[in-house]
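Under the numbering used here, residues 1 to 288 are what the sequence shown spells out, in order. Note that the Cβ used here is the ideal one computed from N, Cα and C, for glycine as well.
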Amino acid sequence: MNTFAGSPLREYGLPWSDYELLDAGDGKKLERWGEIITIRPDLQANFKSNLLYIEWLEMANWEFEEQSSIQGFWKNIKAHSPEQWMISYGKLNFNLKLTKFKHVGLFPEQQDNWRFIQEQVNPGQKILNLFAYTGAASLVARANGAEVVHVDSIKQMLTWANNNMERSSLSDIKWVLEDALKFAQRELKRGNKYDGIIMDPPAWGLGAKGEKWKLENHLASLIAIAHDLMNPKAFLILNTYSPKVTLADLAEAAEQTFSATEIDIKQLWMPAKTGNELFCGNLLRVIR
Ligand SMILES: C[S@@+](CC[C@H](N)C(=O)[O-])C[C@H]1O[C@@H](n2cnc3c(N)ncnc32)[C@H](O)[C@@H]1O
1 MNTFAGSPLR EYGLPWSDYE LLDAGDGKKL ERWGEIITIR PDLQANFKSN LLYIEWLEMA
61 NWEFEEQSSI QGFWKNIKAH SPEQWMISYG KLNFNLKLTK FKHVGLFPEQ QDNWRFIQEQ
121 VNPGQKILNL FAYTGAASLV ARANGAEVVH VDSIKQMLTW ANNNMERSSL SDIKWVLEDA
181 LKFAQRELKR GNKYDGIIMD PPAWGLGAKG EKWKLENHLA SLIAIAHDLM NPKAFLILNT
241 YSPKVTLADL AEAAEQTFSA TEIDIKQLWM PAKTGNELFC GNLLRVIR
């Protein structure tokens, strides 16, 4: 296992039949989701794109226009383009739809973690997915025969995830509408333990009862409680997208709780078809 010292190792979310980062640059990215091509802003695309914008517009169905740092609207580029559609990842099926938050229902760079979960998870194991969104990681673990607890603070996300589960002919994922930290603390009191913990917190968020929180204020407690909920032979995945949480912060917080030999600290990148590479966040993995 590598430690943080020295060059951060890049980890790549790879394209698959139904998703591809076609190009990126000039603060935007061009992505193919099955048949549908979108243009979305991305602060990390702070380099020149390899294709001209006019070439992007010739391919795209939709472009997201930001109205504020958190909201905006989708501009239709190609007539009769659907606002909802479905894509697959292996045997799993995901409903995608245009949201006013620029998201469409899947974080494709997470493909790197889905691969890891497929390698790590065995039938009958217990997996806790916190900040679980539309459930891609939950479905990957469930498809491997795990018992999965899926926690998110937004009801619509649980409904969307349940829809993805049914579309993927899976069942029996436990949906929990709760603040992630509060749920984890209650699980600790109950004495529950897990064979795998997946956490993908946003940079800032709202708990189920509107509790405002910022990742940088909770990083150490999230890692510490994950440690206490892990079985002796368990894994942990923690992604961070926050500019306020650097790779060094993640390593420091992890090394306060886990031994250096158990820790893997990486940067998550997505390669574009035209050769650019897009930074998608930092990644802590712990394998015991
Ligand atoms: C970045 S997304 C997670 C993406 C997901 N891991 C994936 O790969 O599909 C963050 C999710 O955390 C949820 N969230 C934000 N604050 C939360 C909190 N305090 N407790 C639980 N969920 C929260 C949001 O509703 C959102 O669905």
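Below 7 Å CB to CB, which residues in the same chain sit around residue i once its five sequence neighbours on both sides are set aside?
{"i": "Glu-187", "result": "Leu-229"}
{"i": "Leu-158", "result": "Asp-152, Trp-175, Leu-177"}
{"i": "His-150", "result": "Asn-129, Ala-132, Gly-135, Ser-138, Ala-161, Ile-173, Lys-174, Trp-175, Val-176"}
{"i": "Gly-34", "result": "Asp-18, Trp-85, Ile-87"}
{"i": "Gly-105", "result": "Phe-94, Asn-95, Leu-96, Lys-97, Thr-134, Trp-160"}
{"i": "Asn-76", "result": "Trp-62"}
{"i": "Gly-275", "result": "Asn-50"}
Would you check whether ligand 1 has a heavy atom nearer than 8 Å to the C-beta of residue i?
{"i": "Tyr-133", "result": "yes"}
{"i": "Leu-236", "result": "no"}
{"i": "Met-307", "result": "For residue 307 there is no data in the structure shown, the boundaries of the chain being 1 and 288."}
{"i": "Asp-152", "result": "yes"}
{"i": "Trp-213", "result": "yes"}
{"i": "Phe-73", "result": "no"}
{"i": "Tyr-241", "result": "yes"}
{"i": "Asn-50", "result": "no"}
{"i": "Asn-217", "result": "no"}
{"i": "Ala-137", "result": "yes"}
{"i": "Pro-201", "result": "yes"}
{"i": "Phe-107", "result": "yes"}
{"i": "Ile-127", "result": "no"}
{"i": "Leu-96", "result": "no"}
{"i": "Gln-110", "result": "yes"}
{"i": "Leu-290", "result": "This structure gives no information on residue 290, because the portion of the chain shown stretches from 1 to 288."}
{"i": "Leu-14", "result": "no"}
{"i": "Ile-198", "result": "yes"}
{"i": "Gly-207", "result": "yes"}
{"i": "Leu-181", "result": "yes"}
{"i": "Leu-130", "result": "yes"}
{"i": "Met-157", "result": "yes"}
Grouping DSSP H, G and I as helix and E and B as strand, with all else coil, what is residue i?
{"i": "Tyr-53", "result": "helix"}
{"i": "Glu-131", "result": "It should be pointed out that residue 131 corresponds to Phe in this sequence rather than to Glu. Phe-131 falls in the coil class under three-state DSSP."}
{"i": "Arg-288", "result": "coil"}
{"i": "Phe-4", "result": "Unreliable positioning characterises Phe-4 in this predicted model, as indicated by a pLDDT of 44, which lies under 50. A coordinate reading is not provided."}
{"i": "Lys-189", "result": "helix"}
{"i": "Lys-273", "result": "coil"}
{"i": "Lys-91", "result": "coil"}
Compute the minimum distance between the beta carbon of residue i and the heavy atoms of ligand 3, and state whether it is under 8 Å.
{"i": "Glu-178", "result": "Judged by which ligands are present, ligand 3 is missing from the structure shown, whose ligands are ligand 1."}
Identify, in the order they occur along the chain, each residue of the same chain with its Cβ nearer than 6 Å to the Cβ of residue i, setting aside the five sequence neighbours on each side.
{"i": "Asp-195", "result": "Gln-125, Lys-126, Asn-231, Ala-234"}
{"i": "Ala-146", "result": "Val-121, Gln-125, Ile-127"}
{"i": "Val-148", "result": "Ile-127, Ser-138, Ala-141, Arg-142, Ile-173"}
{"i": "Ile-237", "result": "Asn-113, Ile-198, Arg-285"}
{"i": "Phe-64", "result": "Arg-40, Gly-72, Trp-74, Lys-102"}
Any beta carbon from chain D within less than 9 Å of residue i's own beta carbon?
{"i": "Arg-40", "result": "Protein chain content of the structure displayed is limited to a single chain, and chain D is not contained in it."}
Taking 8 Å as the limit between beta carbons, can you name the residues of its chain near residue i, skipping five residues before and five after?
{"i": "Arg-167", "result": "Met-86, Asn-93, Phe-94, Asn-95"}
{"i": "Trp-269", "result": "Arg-10, Glu-11, Tyr-12, Gly-13, Glu-109, Glu-277, Leu-278, Phe-279, Cys-280"}
4-residue-minimum alpha helix (DSSP H) runs that sit fully inside the segment 210 to 260, ordered along the chain
215 to 229, 247 to 255
Go through the segment 97 to 177 residue by residue and report every complete run of the alpha helix (DSSP H) that reaches 4 residues or more, in order.
111 to 120, 136 to 143, 155 to 167
Going along the chain, which unbroken runs of the alpha helix (DSSP H) with 4 or more residues stay wholly within the segment 6 to 86?
53 to 59
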